[in-house]
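Read through the structure below, which is laid out as structure tokens, and then see the notes.
In the working numbering, the protein residues as written are 1 to 188.
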């Protein structure tokens, strides 16, 4: 039997369709999942009070707080922190900067941009561009390469790598710079 023109045409159309289908691009596996890494909570005009045994210890104010799934927090518009005495009756130290970040796993705050730390009782002010606050140790410090300045009623000291103990009010430069006045004990 000899195929007629209609069946030959249908066969060619079918063969063409099969060829076209087999040349289509196949998917490159499953679609990649996109993971959101931004803040899970965003709060404006934040006031956080931290107490111990019903005594106010820390008061943190910030225009904006972003909290992430890890528990980390960012203060992109700055932060102002007041540290109270053990009995919670007076402000001992202050800390402020234009940007702040709290890393929950390290229990560590990083503050950047025109950072100022003050000790009310000793009338000390410390200035730098980046400072860390270790909540567990009550220690404020800079990286060893970061410049800092301390101003007291009698002195203005500068150097690199500042460490400040918030309990004792004692600070130390890893690498002091500038001119310093020193007093020798009397009688020597």
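The C-beta atom is built at its ideal place from N, Cα and C for all residues, glycine as well. Being a predicted model, the structure only gives us computed values, none of them experimental.
Remark: three or more beta-carbon pairs, one from each stretch, lie closer than 8 Å, so the stretch 54–61 and the stretch 74–85 are flagged as touching.
Boundaries of the beta strand (DSSP E) harbouring residue 132: 124–134, taken from the DSSP string. Of the other Cβ atoms in all chains shown, 16 or more fall within 10 Å of the Cβ of residue 142; this residue is therefore buried. For residue 164, same chain residues with a beta-carbon under 6 Å away, outside a window of 5 residues either side, are 140 and 171 in chain order.
When the Cα atoms are used, residue 121 and residue 92 turn out to be separated by approximately 7 Å. DSSP links residue 69 through a beta bridge to no other residue. When DSSP reads this structure, residue 140 sits in a beta bridge with 133 and 164. Residue nearest to residue 166 within the set 95, 112, 46 and 175 is 95 (criterion: CA-CA distance).
Contact check for residue 146 against residue 128 passes: the beta carbons are separated by less than 8 Å. When DSSP states are grouped into helix, strand and coil, residue 104 belongs to the coil group.
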